[in-house]
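Notes to accompany the following structure.
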Amino acid sequence: MGGLASPSTRKWDRMTRAGDARASEDIIAKIDAIQQTTGQATSAIARITEVVHQIAELQETIAAAVEEQSATTGEINRNVSEVAAGSQHIAANVAGVADIAGAATRDAATTLQSARGLGELAADLDRLVGSFRY
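Residue numbers 97 to 230, in our numbering, belong to the letters of the sequence shown in order.
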């Protein structure tokens, strides 16, 4: 067991080195595969992040549109309320005008009746005055 290795020891050394080389190659291949898979996963995560950002932007746009629509709807409701109040005021005024027109019609009928009565009185007075001789 001096300085010279026996042929079986040398053979063993070659086999061990060959096995180590194959194991190293396997490990390197596995590391490469892991790195490729990691790269693909990183790319997929980047794409997912991009899609999430796009969805967030769309949600912001939708939220702004909904807020604007709510404001518009509120304004329409206020306008409709104002129109309804104005319509009620107009209806009340029309009813008042109708009452006044009714009263004017009644007053005109009374005036007509009074005028007829005065006409009859004037005719009677004319006959009376005509019956006097000087």
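Backbone N, C-alpha and C define an ideal beta-carbon position, used for all residues, glycine too.
Excluding five sequence neighbours on each side, which residues of the same chain lie with their C-beta closer than 6 Å to the C-beta of residue i?
i	result
residue 201	none
Between residue i and the rest of its own chain, which residues show a CB-CB distance below 8 Å, the 5 nearest in sequence each way excluded?
i	result
residue 97	Residue confidence is low: residue 97 scores 46 on pLDDT, short of 50, so the model does not pin down where it sits. Its coordinate-derived value is still stated next. Nothing meets the Cβ criterion.
Under 7 Å Cβ to Cβ from residue i, same chain only, skipping five residues before and after it: list those, please.
i	result
residue 153	none
Of all the beta strand (DSSP E) runs that stay within the bounds of the segment 137 to 164, which reach a length of 3 or more residues? none
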